[in-house]
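J.: Residue numbers (my numbering), protein chains in the order written: chain A, 8 to 205; chain B, 8 to 205; chain C, 8 to 205; chain D, 8 to 205. Glycine is no exception: its CB is placed at the ideal position from the N, C-alpha and C atoms. Predicted, not measured: the structure shown is a model, and the values here were computed from it.
There are 4 protein chains.
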Amino acid sequence: MDHKSIAPEKRASIGARRNPATEEAILEAAEALLRESGLAGFSIEAVARRARAGKPTIYRWWPNKTKLLLDVYQRLKLKMEAVDTGAIEEDCVQFLLGLFAYWSAGPGQVFRSIFAEAQSDEASAAALRDYAANRRQHSAKMFERAIARGELRADSSPVIAAEVIAAFAWSRLLTGRLDADEADLRAVVRQMVGGMRA
Amino acid sequence: MDHKSIAPEKRASIGARRNPATEEAILEAAEALLRESGLAGFSIEAVARRARAGKPTIYRWWPNKTKLLLDVYQRLKLKMEAVDTGAIEEDCVQFLLGLFAYWSAGPGQVFRSIFAEAQSDEASAAALRDYAANRRQHSAKMFERAIARGELRADSSPVIAAEVIAAFAWSRLLTGRLDADEADLRAVVRQMVGGMRA
Amino acid sequence: MDHKSIAPEKRASIGARRNPATEEAILEAAEALLRESGLAGFSIEAVARRARAGKPTIYRWWPNKTKLLLDVYQRLKLKMEAVDTGAIEEDCVQFLLGLFAYWSAGPGQVFRSIFAEAQSDEASAAALRDYAANRRQHSAKMFERAIARGELRADSSPVIAAEVIAAFAWSRLLTGRLDADEADLRAVVRQMVGGMRA
Amino acid sequence: MDHKSIAPEKRASIGARRNPATEEAILEAAEALLRESGLAGFSIEAVARRARAGKPTIYRWWPNKTKLLLDVYQRLKLKMEAVDTGAIEEDCVQFLLGLFAYWSAGPGQVFRSIFAEAQSDEASAAALRDYAANRRQHSAKMFERAIARGELRADSSPVIAAEVIAAFAWSRLLTGRLDADEADLRAVVRQMVGGMRA
DNA sequence: GGGTAATCGAGACGGTACGTCGTGTCTTTCC
DNA sequence: GGAAAGACACGACGTACCGTCTCGATTACCC
Numbered sequence: 008m009d010h011k012s013i014a015p016e017k018r019a020s021i022g023a024r025r026n027p028a029t030e031e032a033i034l035e036a037a038e039a040l041l042r043e044s045g046l047a048g049f050s051i052e053a054v055a056r057r058a059r060a061g062k063p064t065i066y067r068w069w070p071n072k073t074k075l076l077l078d079v080y081q082r083l084k085l086k087m088e089a090v091d092t093g094a095i096e097e098d099c100v101q102f103l104l105g106l107f108a109y110w111s112a113g114p115g116q117v118f119r120s121i122f123a124e125a126q127s128d129e130a131s132a133a134a135l136r137d138y139a140a141n142r143r144q145h146s147a148k149m150f151e152r153a154i155a156r157g158e159l160r161a162d163s164s165p166v167i168a169a170e171v172i173a174a175f176a177w178s179r180l181l182t183g184r185l186d187a188d189e190a191d192l193r194a195v196v197r198q199m200v201g202g203m204r205a
Numbered sequence: 008m009d010h011k012s013i014a015p016e017k018r019a020s021i022g023a024r025r026n027p028a029t030e031e032a033i034l035e036a037a038e039a040l041l042r043e044s045g046l047a048g049f050s051i052e053a054v055a056r057r058a059r060a061g062k063p064t065i066y067r068w069w070p071n072k073t074k075l076l077l078d079v080y081q082r083l084k085l086k087m088e089a090v091d092t093g094a095i096e097e098d099c100v101q102f103l104l105g106l107f108a109y110w111s112a113g114p115g116q117v118f119r120s121i122f123a124e125a126q127s128d129e130a131s132a133a134a135l136r137d138y139a140a141n142r143r144q145h146s147a148k149m150f151e152r153a154i155a156r157g158e159l160r161a162d163s164s165p166v167i168a169a170e171v172i173a174a175f176a177w178s179r180l181l182t183g184r185l186d187a188d189e190a191d192l193r194a195v196v197r198q199m200v201g202g203m204r205a
Numbered sequence: 008m009d010h011k012s013i014a015p016e017k018r019a020s021i022g023a024r025r026n027p028a029t030e031e032a033i034l035e036a037a038e039a040l041l042r043e044s045g046l047a048g049f050s051i052e053a054v055a056r057r058a059r060a061g062k063p064t065i066y067r068w069w070p071n072k073t074k075l076l077l078d079v080y081q082r083l084k085l086k087m088e089a090v091d092t093g094a095i096e097e098d099c100v101q102f103l104l105g106l107f108a109y110w111s112a113g114p115g116q117v118f119r120s121i122f123a124e125a126q127s128d129e130a131s132a133a134a135l136r137d138y139a140a141n142r143r144q145h146s147a148k149m150f151e152r153a154i155a156r157g158e159l160r161a162d163s164s165p166v167i168a169a170e171v172i173a174a175f176a177w178s179r180l181l182t183g184r185l186d187a188d189e190a191d192l193r194a195v196v197r198q199m200v201g202g203m204r205a
Numbered sequence: 008m009d010h011k012s013i014a015p016e017k018r019a020s021i022g023a024r025r026n027p028a029t030e031e032a033i034l035e036a037a038e039a040l041l042r043e044s045g046l047a048g049f050s051i052e053a054v055a056r057r058a059r060a061g062k063p064t065i066y067r068w069w070p071n072k073t074k075l076l077l078d079v080y081q082r083l084k085l086k087m088e089a090v091d092t093g094a095i096e097e098d099c100v101q102f103l104l105g106l107f108a109y110w111s112a113g114p115g116q117v118f119r120s121i122f123a124e125a126q127s128d129e130a131s132a133a134a135l136r137d138y139a140a141n142r143r144q145h146s147a148k149m150f151e152r153a154i155a156r157g158e159l160r161a162d163s164s165p166v167i168a169a170e171v172i173a174a175f176a177w178s179r180l181l182t183g184r185l186d187a188d189e190a191d192l193r194a195v196v197r198q199m200v201g202g203m204r205a
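(1) Taking the alpha-carbon of Gly115/D as reference, which of Arg197/D, Ala37/D, Arg42/D has the nearest alpha-carbon?
(2) Using only CA atoms, which one of Glu170/C, Glu129/C, Ala133/C lies nearest to Met149/C?
(3) Please confirm whether Ile33/C has its beta-carbon closer than 8 Å to some beta-carbon of chain D.
(4) Kindly indicate if chain A contains any beta-carbon less than 8 Å away from that of Trp110/B.
(5) Let me confirm a value: Arg57/A is counted as buried when at least 16 other C-beta atoms fall within 10 Å, else exposed. Which label applies?
(6) When burial is assigned at 16 or more other CB atoms within 10 Å of the CB, is Met8/C buried or exposed?
(7) With distances taken from CA atoms, which of Ile95/D, Leu34/D, Leu83/D is nearest Lys72/D?
(8) Taking only beta-carbon positions, decide if Ala23/C is within less than 8 Å of chain D.
(9) Exposed or buried, Ile154/A, counting other C-beta atoms within 10 Å across all chains shown (16 or more means buried)?
(10) Output yes if chain B places a C-beta closer than 8 Å to the C-beta of Leu103/A; else output no.
(11) Below 8 Å between beta carbons is the criterion; list the residues of the segment 187–200 of chain A that meet it against any residue of chain B, in chain order.
(12) Which term fits Tyr66/B, buried or exposed, when burial requires 16 or more other beta carbons within 10 angstroms of its beta carbon?
(13) Who are the Cβ neighbours of Val79/B in its own chain at under 8 Å, not counting the five residues just before and after it?
(14) CA-CA distance, Leu180/C and Leu181/D?
(15) Is the beta carbon of Val166/A closer than 8 Å to that of Arg143/A?
(16) Could you check where the alpha helix (DSSP H) with Thr29/B kicks off and where it finishes?
(17) Measure how close the beta-carbons of Ser164/A and Gln198/B come, nearest whole angstrom, since I'm counting them as under 8 Å.
(18) Quick one: is Ala47/B buried, meaning 16 or more other Cβ sit within 10 Å of its Cβ, or exposed?
(19) Can you tell me which of the three DSSP states Leu185/D falls into?
(20) Hey, is the segment 23–32 of chain D in contact with the segment 128–137 of chain C, meaning 3+ C-beta pairs nearer than 8 Å?
(21) Compile a chain-ordered list of the residues in the segment 124–155 of chain A whose CB is closer than 9 Å to at least one CB of chain B.
(22) Assign Arg156/A to one of three DSSP states: helix, strand, or coil.
(23) Are there 16 or more other CB atoms within 10 angstroms of the CB of Trp68/B, so buried, or fewer, so exposed?
(24) Run the CB neighbour count on Gln81/C, radius 10 Å, all protein chains shown included, and call it buried at 16 or more, exposed below.
(25) Quick one: what does DSSP say Arg82/D is sitting in, helix, strand or coil?
(26) Using a Cβ-Cβ cut-off of less than 9 Å, give me the residues of the segment 33–63 of chain A that come near chain B, in sequence order.
(27) Are the C-beta of Ser20/D and some C-beta of chain C separated by less than 8 Å?
(28) Is the Cβ of Thr73/C closer than 8 Å to any Cβ of chain D?
(29) Among the candidates Gly22/B, Met203/B, Ala190/B, whose CA atom is the shortest distance from the CA of Leu104/B?
(30) If you count every other CB in all the chains shown that lies within 10 Å of the CB of Ser120/C, and 16 or more means buried, which is it?
(31) So which residues on chain C does Val166/D lean against when the C-beta distance must stay under 7 Å?
(32) Excluding five sequence neighbours on each side, which residues of the same chain lie with their C-beta closer than 7 Å to the C-beta of Ala161/A?
(33) Do Arg136/D and Gly183/C have their C-beta atoms closer together than 8 Å?
(34) With Pro6/C as the anchor, note down where its alpha helix (DSSP H) starts and where it stops.
(35) Which first and last residues belong to the alpha helix (DSSP H) in which Lys62/D is found?
(36) Below 6 Å CB to CB, which residues in the same chain sit around Gln101/B once its five sequence neighbours on both sides are set aside?
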């Protein structure tokens, strides 16, 4: 099962410093396991086996499973770009479509695992909170632009809007309902941003 | 609600049928463990120990951890009633305040655990989906009443509104941010329902 | 696996007294299980299943597993007949060949189980000792006849000879080496009885 | 022989190789349990508890209960030396006397357990067969020496003689009759080796 | 001939042990 | 001093039996 794509080459020490190839192999293996079997298949033993690494090597650099999970996610999360179509409703729909497509391709499983972990591990929860706040700031820009061009009311809150749209996306991810078509999303978005219109 | 830490009395078989006292003791123990230490402390062994039950007795009635989890939650959720203040915004705010208070009192930890479990177990995910759809139908009624009395536009969707407000509540629960004050919630609600106003 | 030959008919109570059909079915099932899978497959649960009996019914009549084992053995052990060819060596060879064939057909497994049980249960050990002494007296007759006809020395001991030949047979049974051919046995017998010759 | 009831000190790993202290503690605990309560009290769980070892540690080195049992016995039997009095009959008597005394001191209980185990577990049976064959080769030397010095006939078989004498000893052990006096044993031996005399 | 009493199958119960898996720590050997 | 290797104590997993229990039903016996 997990012998599908084991790192073939064996990496020895490269002296008294961290071997980047090892770090890379470990993160790669961890991500692959998460994508393939989710949090259930994600164990330090399995990662070590697949990355041809020793368990202590993993524990040297990541104090526990959760930290490794978070690092896997860090590597992943810098891809999504905000769109700017000039119309806020269209921006939101494209944002959701892009996000759902991105998640469906694999990273969604990793993100789900972070959520799962965060429910019992406070460090993960804090990391997730930080990340979410950060993303909120980022996608709030979409609404700020719409306010600036007079499409949305000046007294509406970009941050609240960003939170609500993120919450909606998460709820779909976490309940395994990423297969929404554009029309559905458009209906949701229209209702969500309707109250902000100038 | 009196938390005797370990079930003291010993329960024998009451014949060739399920012993309700045993079922009760197991659910009680499971709930207590979840409230106290979350999903991490929730193991079949621990439940058995605390309920003074044999492991096989648990496995006889609950095929896996998740089913037990769901049963614990089912047993819990008989409280929440929809409010009807006559103003949709007020309804939503009271709904969220009530929900957050309810979750904060303990059940939130159980619900979080179900979400965590659902991220790697498809059966749990399906159960969670069913439950969520059910709740959605239920809280959609709040918006239907507002449409009926002409407060909200006739072409707005109660189900979408219910999903969005639930998604928001979940996102706060799952990221450990249930400590919102009324003003914050009111701002969020105003923006969420603004687009539905007649 | 064990549904091979379950007692088909269901036996109800026949009033306030022991049902002989039940006792018979239980002993039958126990023996069959022992023959098929040895002591490992011999569990009260399995016996009850196979005999279509309730566990308490078994425990009512046999205080524990060992007693049931002994009863199974009691039913079995009255079959072997001594041969008399007129030549002691031939008698012994035929005795061993017959015994090995008899054991190989099934009863050997039951006997082995008694030996196993006797190593940790003193009651079984005592029963086994009694039985062995009895058998010794019985097969000593073979040597007495040989002494009587002058084939063996008058000062040789039939009981010792019986013990030695039984010990040899047991050692083969208990180490699973019943597949000896006649020539091998003859060599052993010749050496065993050689010292007794007139 | 000082029986500290539970190994007090905790043993960690000593690197990627077997820890002899752990092995020792496990064998020690296993032996103690066998001596105290026989096969009935001998469970992997109990051994692990007493030796302060993890169950997986035991299973890592001993694939099953039986192998552990055999190793306990191996560790025990470093005493018995073949005697060489120059007379085969005396050799045999001393051999049996020594063996019975040795067994009576404790190891007999262990060996009985091995026999019990071998009656339902084929792996144990095979191990026991191997061990027995080995011992047979070893004690056959006693007879080879006697043949060499012309005391026994050249065409007699040392291996058969070794098997027969071992079988006799086993039968006494397994039926709990180790309390034979020298005269009895001498009578048995005389009859057993009589047929081999030159 | 109706009540009582012991029997029967059935199967749930609290336990103990099984053998496997994963966690996070530890140490040695090689580079 | 980093890295692979893998042993270690621990504890949860899900399963099998143990011996005890309580039921509801089925008779025979006694009054």
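T.: Reading it off the structure:
(1) Position 108 of the fourth sequence, counted from the start, is the residue given in the question as residue 115/D. It is Arg42/D whose Cα lies nearest to the Cα of Gly115/D.
(2) Here residue 149/C is taken as the residue at index 142 of the third sequence, counted from 1. If we check each option's Cα against that of Met149/C, Glu170/C comes out closest.
(3) Sequence index remark: in the third sequence, residue 33/C carries index 26 (1-based). Cβ-Cβ to chain D under 8 Å: no for Ile33/C.
(4) Along the second sequence, one-based indexing puts residue 110/B at 103. So, not an interface residue.
(5) As a first step, residue 57/A must be located in the first sequence, where it is residue number 50. Classification of Arg57/A: buried, given that the 10 Å Cβ count is 16 or more.
(6) Stepping through the third sequence from its first residue, residue 8/C is reached at position 1. Unreliable placement is indicated for Met8/C, whose pLDDT of 37 sits below 50; no coordinate value is reported for it.
(7) The sequence position of residue 72/D within the fourth sequence is 65, counting from 1. For Lys72/D, the nearest C-alpha among the options comes from Leu34/D.
(8) Position 16 of the third sequence, counted from the start, is the residue given in the question as residue 23/C. No, its Cβ sits nowhere closer than 8 Å to a Cβ of chain D.
(9) Here residue 154/A refers to the residue found at position 147 of the first sequence. It counts as buried.
(10) Taking the first residue of the first sequence as position 1, residue 103/A is located at position 96. Not one chain B Cβ lies under 8 Å of Leu103/A.
(11) Ala194, Val195, Arg197, Gln198, Met199, Val200
(12) Counted from its first residue, the second sequence places residue 66/B at position 59. Classification for Tyr66/B: exposed.
(13) Counting from 1 along the second sequence, the entry for residue 79/B is found at position 72. Excluding sequence neighbours, Val79/B sits near Leu34, Ala37, Glu38, Leu41, Val117.
(14) The residue you call residue 180/C lines up with position 173 of the third sequence. The residue you call residue 181/D lines up with position 174 of the fourth sequence. Whole-angstrom Cα-Cα distance: 13 Å.
(15) Reading the first sequence from its first residue, position 136 is the one you call residue 143/A. Reading the first sequence from its first residue, position 159 is the one you call residue 166/A. Against a cut-off of 8 Å, the Cβ pair of Val166/A and Arg143/A comes out as a contact.
(16) Start at 1 with the first residue of the second sequence, and residue 29/B comes out as number 22. 27–48 is the extent of the alpha helix (DSSP H) around Thr29/B.
(17) The residue given as residue 164/A occupies position 157 in the first sequence. The residue given as residue 198/B occupies position 191 in the second sequence. Ser164/A to Gln198/B, Cβ: 6 Å. Contact.
(18) As a working note, residue 47/B is residue 40 in the second sequence. Exposed, by the Cβ-count rule.
(19) For the purposes of this step, residue 185/D is taken as the residue at position 178 of the fourth sequence. If DSSP states are grouped into helix, strand and coil, Leu185/D belongs with coil.
(20) no
(21) Glu124, Ala125, Gln126, Ser127, Asp128, Glu129, Ala132, Ala133, Leu135, Arg136, Ala139
(22) Taking the first residue of the first sequence as position 1, residue 156/A is located at position 149. Residue state, collapsed to three classes: coil.
(23) For the purposes of this step, residue 68/B is taken as the residue at position 61 of the second sequence. Answer is exposed; the Cβ neighbour count stays below 16.
(24) Here residue 81/C refers to the residue found at position 74 when the third sequence is read from its first residue. Result: exposed.
(25) What you label residue 82/D is simply residue 75 of the fourth sequence in a count that begins at 1. Helix.
(26) Ser44, Gly45, Leu46, Ala47, Gly48, Phe49
(27) Indexing the fourth sequence from 1 puts residue 20/D at position 13. Chain C contact via Cβ: absent.
(28) Within the third sequence, the letter at position 66 stands for residue 73/C. It does not; no Cβ of chain D falls within 8 Å.
(29) The count along the second sequence starts at 1 and reaches residue 104/B at position 97. When each option's Cα is compared against that of Leu104/B, the closest is Ala190/B.
(30) In the third sequence, residue 120/C corresponds to position 113, counting from 1. Buried, since its Cβ has 16 or more Cβ neighbours within 10 Å.
(31) As a working mapping, residue 166/D is identified with position 159 in the fourth sequence. Under the 7 Å cutoff, chain C gives no residues; its nearest Cβ is about 10 Å from Val166/D.
(32) As a working note, residue 161/A is residue 154 in the first sequence. So the qualifying residues of the chain are Ile154.
(33) On the fourth sequence, residue 136/D is found 129 positions in, with the first residue counted as 1. On the third sequence, residue 183/C is found 176 positions in, with the first residue counted as 1. Yes. Within cutoff.
(34) Missing from the structure shown is residue 6/C; chain C here goes from 8 to 205 and no further.
(35) Residue numbering aside, residue 62/D sits at position 55 when the fourth sequence is read from its first letter. It spans 62–68 - the alpha helix (DSSP H) in which Lys62/D sits, taken as one unbroken run.
(36) As a working note, residue 101/B is residue 94 in the second sequence. Taken in chain order, the residues that qualify are Val90.
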